[in-house]
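Here UniProt numbering is used: position 79 in the sequence shown is 79, and no number is missing along the way. Cβ atoms here follow ideal geometry from the backbone N, Cα and C, with glycine treated the same way.
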Amino acid sequence: MQTSIYIPIISDYGFKATFGNEADNLFLRTALQALIKSEIPIREVHFDKNAFEALTIDSRSGIFDLSCTDENGTQFIVEMQLGYAPYFVQRMKFYALHKFNTVVERGEFDYANLPKIYAIAFLEKSILPTTHFHTIANLRSEQGEIIDSQMSFIMVELAKFNKPVAEIETDLDKLVYTMKTLHTTEPTQYPAFWNEEWLKRAIDELDTRKMTPEERAYFARVTAANAEAVNAEKKRIEEAEERRENLVKSETVKNLLSLGILTNSQIAQTVGVSEASVRKLSSDR
């Protein structure tokens, strides 16, 4: 199968080349405006340090993919998550609350004029019980009334987006469609909106035909590192699944032994373990 000429935006390299492009932030500014559903264009963004040190000896250090501030002081944290991460919301809370503490301390604990903080996450896999691909969460009352909108959590679950080109209207739709399909779409099927300036500039950054030798070398290193990380994570999951399966089998053997109905040989055959393991569990009781 022919390799795509475009690097996926959702890859580590692709994310940094588009969202993290400090030399040309038109794509980032337009994307952020779409993600927070603002009618007001973002004119400027300044990239911030995206790592922070532990607050105490027992605290956790952290790093998020991108952190920036617009011309009004609004704070943005943007994270891309490729694997299944059921507790990702907790991680976003950790990042957002650290940012909150930072801006409060910077203002000498002035709570009256705090800037807005948006914690934005792109998730390849779905984790929320919602049906829509784009979710904005704020502090609300039991009746669903907004209590505070100073801190907002925005989750984009790519797996839930399935709009065809004919139904795409908003910049948010265009952004998510591009993130999902750029690297798999045939050149003859490119949608017209990919010629819009903000998307065109980002797509050009992902065109392997336009990469310098240095960019190609960096891309190769990042791709290799990502492959190693994926393989390590896959192995970890497989080992965890094997441990879980062995634990279930051990408990089943113990339960059957306690009944005293089957022989060791019958238990081993029923559960799918060796007679030696059954004898060991029997002697350990």
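Backbone CA spacing between D110 and I117 [nearest angstrom]: Counting from 1 along the sequence shown, the entry for residue 110 is found at position 110. Counting from 1 along the sequence shown, the entry for residue 117 is found at position 117. Looking at the two C-alpha atoms, the distance is approximately 15 Å.
F133 vs F161 beta-carbon contact at 9 Å: Translated into the one-based positions of the sequence shown, residue 133 becomes position 133. Translated into the one-based positions of the sequence shown, residue 161 becomes position 161. Going by beta carbons, F133 and F161 fall inside the 9 Å limit.
Candidates V278, E71, G144, of which the one nearest S265 by Cα: Sequence index remark: in the sequence shown, residue 265 carries index 265 (1-based). Out of V278, E71, G144, V278 has the C-alpha closest to the C-alpha of S265.
Exposure label - G260; buried when at least 16 CB within 10 Å: The sequence position of residue 260 within the sequence shown is 260, counting from 1. Classification for G260: exposed.
Residues near Q33 in its chain [Cβ-Cβ closer than 8 Å; skip 5 each side]: Taking the sequence shown and counting its residues from 1, the one referred to as residue 33 is at position 33. A distance below 8 Å between beta-carbons, with the five flanking residues on each side excluded, links Q33 to the following residues of its chain, in chain order: I40, P41, I42, D171.
Short Cβ contact (9 Å threshold) for T178 with A159: As a first step, residue 178 must be located in the sequence shown, where it is residue number 178. As a first step, residue 159 must be located in the sequence shown, where it is residue number 159. No; because the gap between Cβ atoms is not below 9 Å, this pair is not in contact.
Sheet register partners of L66 (DSSP bridge): Here residue 66 refers to the residue found at position 66 when the sequence shown is read from its first residue. Bridge partners of L66: V78.
Other residues of its chain near E124: CB distance less than 6 Å, five sequence neighbours each side excluded: As a working note, residue 124 is residue 124 in the sequence shown. Cβ within range, chain order: L82, L158.
Sequence ranges, beta strand (DSSP E) only - wholly within the segment 104-187, length at least 3: 117-123, 134-140, 146-157
Proximity of K93 and F15 at Cβ, strictly below 9 Å: If you number the sequence shown from 1, residue 93 lands on position 93. If you number the sequence shown from 1, residue 15 lands on position 15. No, Cβ-Cβ distance for K93 and F15 is not below 9 Å.
Coil, strand or helix - Y95 by DSSP: The residue given as residue 95 occupies position 95 in the sequence shown. Of the three classes helix, strand and coil, the one that applies to Y95 here is helix, per DSSP.
Proximity below 9 Å, CB of T18 to CB of L206: Taking the sequence shown and counting its residues from 1, one reaches residue 18 at position 18. Taking the sequence shown and counting its residues from 1, one reaches residue 206 at position 206. At the C-beta level, T18 and L206 come within 9 Å of one another.
Where D48 falls: helix, strand or coil (DSSP): On the sequence shown, position 48 is the one that residue 48 refers to. Here D48 sits in coil by DSSP.
Beta-carbon contacts of D58 that lie in its chain and below 8 Å, excluding the five residues immediately before and after: Taking the sequence shown and counting its residues from 1, one reaches residue 58 at position 58. Residue placement at D58 cannot be trusted, given a pLDDT of 38 that sits under 50; what the coordinates show is reported in the next sentence. So the list is empty, once near-sequence residues are dropped.
N72 versus K249, V45, T102, N25, residue with shortest Cα-Cα distance: Along the sequence shown, read from residue 1 onward, the residue named residue 72 stands at position 72. Cα-wise, what sits closest to N72 is V45.
Assigned exposure category for N25 - 16 Cβ within 10 Å defines buried: Locating residue 25 in the sequence shown gives position 25, counting from the first residue. The residue is buried, with at least 16 neighbouring Cβ atoms inside 10 Å.
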